[in-house]
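Here the sequence shown stands for residues 53 to 790, where the numbers follow our numbering. What follows is a single structure, written as structure tokens, with notes after it.
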Amino acid sequence: MRKLTTKWFAALVCVLLVFTSCESELEKYYATPDWLKGNAWEVLEDKGNFKLFLSAVEKSSFKDLVQGKGQITVMAPTDEAFQAYLIKKGYATVNDIPTANGELDKLIGYHLVYYSFTKEAFENYKPNGIESVNPEKGIYYKFRTKSRDGISWEKDPTTERDDSLRVMHKDRFLPIFSNNLFKSFQIDAKSNYEFFYPNSTWTGENGFNVSNASIIDYAIITDNGYVYTINQVIEPLETVYTELVKSQNYSLVREAFNRFVTFQYDAITSSEYGKGDSLFIWYHGNDLPPIASEWTNLLGSTDYSQLSALSFMSYNMFAPDNASMQAFFNKYWAPFYTDLSKVNFEPLFYLLRNHVYRGQVLFPEIIEKGQIKSTFGTPIVFDRNSVKLKRICVNGTLYGLDKVLVPPMFEKVTSPMFCNPNYNLILDMMNSSAYVNTLISDQIKFKVFYPSNSMILTNTTLEGKAITYLNPNPTKYGTQQVQIEGDAGPEAMKLTQKKSFAGNHIATQLISSRNDEAIYRTINSFNYLYIKGDKVYSTALYNIGDANKAPTFTKIQGDWTNGDAYELSGTTASALVPESNQFKNIITSTSCPADYAYFKEVIGSSGLDKALPPYSFMQGERFIVLIPKESAIYAGWLSGKIPFSPADKVATFLKPYFINVSASNLLDYPFAGAGIQGTLVTFAKKANGQQATFTLIDANGELKILDGKGKEVKVLSYFPRIYADGAAYLIDGLLDIE
Numbered sequence: 053m054r055k056l057t058t059k060w061f062a063a064l065v066c067v068l069l070v071f072t073s074c075e076s077e078l079e080k081y082y083a084t085p086d087w088l089k090g091n092a093w094e095v096l097e098d099k100g101n102f103k104l105f106l107s108a109v110e111k112s113s114f115k116d117l118v119q120g121k122g123q124i125t126v127m128a129p130t131d132e133a134f135q136a137y138l139i140k141k142g143y144a145t146v147n148d149i150p151t152a153n154g155e156l157d158k159l160i161g162y163h164l165v166y167y168s169f170t171k172e173a174f175e176n177y178k179p180n181g182i183e184s185v186n187p188e189k190g191i192y193y194k195f196r197t198k199s200r201d202g203i204s205w206e207k208d209p210t211t212e213r214d215d216s217l218r219v220m221h222k223d224r225f226l227p228i229f230s231n232n233l234f235k236s237f238q239i240d241a242k243s244n245y246e247f248f249y250p251n252s253t254w255t256g257e258n259g260f261n262v263s264n265a266s267i268i269d270y271a272i273i274t275d276n277g278y279v280y281t282i283n284q285v286i287e288p289l290e291t292v293y294t295e296l297v298k299s300q301n302y303s304l305v306r307e308a309f310n311r312f313v314t315f316q317y318d319a320i321t322s323s324e325y326g327k328g329d330s331l332f333i334w335y336h337g338n339d340l341p342p343i344a345s346e347w348t349n350l351l352g353s354t355d356y357s358q359l360s361a362l363s364f365m366s367y368n369m370f371a372p373d374n375a376s377m378q379a380f381f382n383k384y385w386a387p388f389y390t391d392l393s394k395v396n397f398e399p400l401f402y403l404l405r406n407h408v409y410r411g412q413v414l415f416p417e418i419i420e421k422g423q424i425k426s427t428f429g430t431p432i433v434f435d436r437n438s439v440k441l442k443r444i445c446v447n448g449t450l451y452g453l454d455k456v457l458v459p460p461m462f463e464k465v466t467s468p469m470f471c472n473p474n475y476n477l478i479l480d481m482m483n484s485s486a487y488v489n490t491l492i493s494d495q496i497k498f499k500v501f502y503p504s505n506s507m508i509l510t511n512t513t514l515e516g517k518a519i520t521y522l523n524p525n526p527t528k529y530g531t532q533q534v535q536i537e538g539d540a541g542p543e544a545m546k547l548t549q550k551k552s553f554a555g556n557h558i559a560t561q562l563i564s565s566r567n568d569e570a571i572y573r574t575i576n577s578f579n580y581l582y583i584k585g586d587k588v589y590s591t592a593l594y595n596i597g598d599a600n601k602a603p604t605f606t607k608i609q610g611d612w613t614n615g616d617a618y619e620l621s622g623t624t625a626s627a628l629v630p631e632s633n634q635f636k637n638i639i640t641s642t643s644c645p646a647d648y649a650y651f652k653e654v655i656g657s658s659g660l661d662k663a664l665p666p667y668s669f670m671q672g673e674r675f676i677v678l679i680p681k682e683s684a685i686y687a688g689w690l691s692g693k694i695p696f697s698p699a700d701k702v703a704t705f706l707k708p709y710f711i712n713v714s715a716s717n718l719l720d721y722p723f724a725g726a727g728i729q730g731t732l733v734t735f736a737k738k739a740n741g742q743q744a745t746f747t748l749i750d751a752n753g754e755l756k757i758l759d760g761k762g763k764e765v766k767v768l769s770y771f772p773r774i775y776a777d778g779a780a781y782l783i784d785g786l787l788d789i790e
């Protein structure tokens with residue numbers, strides 16, 4: 053070991069002398085700064101006017117936290133404020149506030165905000181970090197506190213079990229209404245704040261109010277955060293749902309929400325708080341706003357990562373009172389249901405969803421500007437003086453109204469399936485296919501044909517498969533399922549199948565009509581409805597050729613602004629299913645129509661159906677096939693114009709009779725009187741290598757085709773046979789390409 057020299061020893065002695073000096077500079081440097089007054093508890097204790105609040109903190113679970121064992125922002129009510137609270141609640145002293153049920157922790161925890169917030173941080177909170185850019189200040193207005201309800205027991209109304217489930221509640225968020233928030237929304241702060249807090253006064257001109265309380269002193273620095281002194285005890289806010297429970301005048305809308313109750317197992321909280329038991333999140337689910345959830349982030353997420361949604365998002369509920377709900381029931385549902393509890397889930401869902409606006413917190417002045425619409429586009433309009441119930445809630449706002457915001461689907465051609473349970477199955481398909489939103493538009497005059505549930509389930513098939521309905525639990529939303537026969541038994545109907553089925557019941561435009569016949573376009577492209585007299589045919593029904601299987605239709609009476617609705621009646625083939633068969637298969641099968649028999653022989657001689665892949669010259673394109681009538685084909689055989697062989701010569705003869713729909717720029721198949729005419733591009737080529745074409749003429753209620761030699765051929769089919777891959781038109785002669 054190296055020995056210390058005399059020089060180094062002298063230096064060490066000097067250092068030791070410095071450290072042992074009572075008045076050393078080092079001691080002065082590390083002394084506690086004057087501006088640090090101690091932890092939050094000590095600061096409030098020194099002020100002397102917070103004895104009741106500190107007494108309550110001492111009896112709660114948060115004494116250690118306030119005394120410095122964690123970073124916290126404390127909202128501290130004065131003794132005068134706390135005494136006023138005790139009198140209001142009927143407590144003689146702090147000791148009377150219950151602790152066993154968690155009421156004291158719930159109250160005190162609501163005065164303790166997670167982390168340390170300066171005045172400026174509260175006024176312009178940036179949940180995504182200080183580097184993020186908020187387009188508007190103050191709009192992230194909610195802050196997480198230490199307040200939460202204890203684990204509760206809730207019964208699942210969708211089961212017959214007597215036992216209840218343990219439900220975990222989340223930390224409450226505290227609203228900070230800053231002057232910046234009202235400036236960002238361009239509304240008056242005082243009148244809008246005091247609308248919800250009539251027993252409080254807006255004093256946040258240069259800062260903010262914290263829920264019902266005004267700030268006396270802003271951001272007093274402590275060792276473990278900041279203290280704000282306030283003039284009222286902050287009463288813990290409840291959820292929108294809890295506020296509805298407290299008011300019996302809104303029991304009908306609350307009970308309607310409860311039909312959608314969902315219990316979701318929460319593995320994280322079960323592990324952390326369950327003590328061996330399973331814990332659940334209790335909410336109103338299936339895309340219904342979860343008005344019973346304390347948090348407004350994405351449902352099912354139990355962590356605290358979605359700060360923007362948690363601090364900004366609000367469920368603004370416009371709750372109709374019981375009289376309004378009953379009046380709505382009487383008008384739309386009473387002819388079909390005995391009471392509100394029996395109404396089918398889907399219509400009830402649309403009604404409830406239309407009364408909750410998920411987005412920014414809505415103050416009355418924002419609504420009065422007339423720019424806020426409900427989920428389904430209903431303008432939210434009311435006089436603030438007519439609002440019977442008004443609350444700021446932990447997860448949004450609550451406006452109690454004396455009217456129902458009627459969803460548009462009850463006033464459009466969709467109304468029958470939203471009112472009459474006899475159309476539940478077609479409603480399920482329409483809803484899954486997103487056709488409901490289409491059908492409430494006023495841009496189109498629709499004709500909707502409604503098959504009853506029994507018609508669909510009795511004799512209707514789709515793609516040759518029977519349709520069934522599964523409803524294992526009528527009390528639980530989401531267990532109902534429209535099914536279709538599969539390889540291993542009934543299975544859930546696919547979305548494509550629902551769109552195919554439902555879309556064929558929606559006529560969007562009259563294309564052509566004559567006498568008692570009419571042709572309508574449906575939502576499904578290149579699928580049509582053919583009406584003759586009081587019967588309506590889909591392409592599939594028409595191709596069968598049996599008028600007895602076509603349903604009749606009767607207009608449903610209703611004052612709708614965007615079209616008409618019709619009830620279908622019939623015992624067989626009652627729903628208007630689209631054709632799923634392909635012409636390429638039909639023409640060579642035993643199902644080939646009798647008037648195609650000669651054309652079938654020509655196809656067989658050509659070998660086109662046996663190519664790999666079959667009809668390869670069309671490369672999967674949609675087509676129109678022009679089929680000469682039998683006498684024309686027979687004459688062609690006799691004259692030698694139609695060869696019997698070899699196959700390639702027969703194929704060359706046939707190809708001009710196939711029209712390329714997309715190359716001909718056809719958005720619809722042509723029908724007499726529809727005004728569709730012009731160049732028809734075939735799949736054949738002329739001797740010079742150019743694509744062979746014909747000319748389509750629509751005149752005097754007839755379709756004619758002008759061939760390459762200028763000869764006119766009449767189209768005999770007013771409504772052709774339409775298949776999944778193309779349409780077949782009968783014509784009265786043969787065609788030449790040059």
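From the three backbone atoms N, C-alpha and C, an ideal C-beta is built for every residue, glycine too. Predicted model, so just to flag it, every value in this text is computed and none were measured.
In this structure, I563 keeps its C-beta atom at 7 Å or more from the C-beta atom of F771.
The region 372-392 makes no contact with the region 215-223: fewer than 3 CB pairs, one atom from each, lie closer than 8 Å. Assigned with DSSP and collapsed to three states, G555 falls in helix. Residue state for C471 is assigned as helix, using DSSP reduced to three classes.
About 6 Å separates the CB atoms of S621 and P603; that is less than 8 Å, so the two are in contact. Taking A133 as the centre and dropping the five residues before and after it, the same chain places the C-beta of N283, Q284 and V285 closer than 6 Å to its C-beta, in chain order. Your pair T531 and P209 does not check out as a contact, with CB atoms roughly 14 Å apart and the cut at 8 Å. For the region 327-351, the full-length beta strand (DSSP E) segments reaching 3 residues or more read 332-336 along the chain. By the Cβ test, the region 632-648 is not in contact with the region 684-695, since fewer than three Cβ pairs between them sit closer than 8 Å. Pairing L453 with P372 gives a Cβ-Cβ distance under 7 Å. In the displayed model, R224 falls within coil according to three-state DSSP, outside both helix and strand.
For N712, the three-state secondary structure derived from DSSP is strand.
DSSP links F195 through a beta bridge to L226. With contact defined as three or more Cβ pairs closer than 8 Å, the region 286-306 and the region 334-343 are in contact. In this chain, the alpha helix (DSSP H) harbouring E420 covers P416 to E420. Closest in alpha carbon position to A540, among K517, Q549 and L547, is K517.
Around the beta carbon of S493, fewer than 16 other beta carbons lie within 10 angstroms, which makes this residue exposed. For a cut-off of 8 Å, the C-beta gap from V713 to R773 is around 15 Å, too long to register as a contact. Scanning its chain for C-beta atoms nearer than 8 Å, with the 5 sequence neighbours on each side dropped, one finds around K115 the residues W93 and V109, in chain order. E569 is bridged by DSSP to R566 and K584.
Looking at the DSSP output, W205 shares a beta bridge with R218. Residue pairing by DSSP places L786 in no beta bridge whatsoever. For G688, no beta strand (DSSP E) run applies; the uninterrupted alpha helix (DSSP H) run containing it begins and ends at E682 to S691, by DSSP.
A distance of 7 Å or more separates the beta carbons of L755 and E764. Look at N382 here: in three-state DSSP terms it is helix.
Relative to the Cα of L104, the nearest Cα in the group M469, K121, N301 and Y137 belongs to Y137. Here the region 446-463 lies against the region 362-377, with 3 or more beta-carbon pairs under 8 Å apart.
Contact between the region 576-594 and the region 459-469 is not established, with fewer than three Cβ pairs separated by less than 8 Å. When secondary structure is reduced to three states using DSSP, E631 falls in the coil class, being assigned neither helix nor strand.
Taking 7 Å as the cut-off, the beta carbon of T734 is found no closer than this to the beta carbon of I749. When C-alpha distances from N251 are compared across D275, Q238, E257 and E287, the shortest belongs to E287.
For I267 against F260, the beta-carbon gap comes to about 7 Å, under 8 Å, which counts as contact. In the three-state reduction of the DSSP assignment, A544 falls in the strand class, which pools E and B. The closest CA to that of I432, considering only K383, P459 and V446, is found on P459.
Beta-carbon to beta-carbon, I124 and L164 are separated by about 5 Å, close enough to satisfy the 8 Å threshold.
According to the DSSP assignment, K235 belongs to the alpha helix (DSSP H) that extends over N231 to F237.
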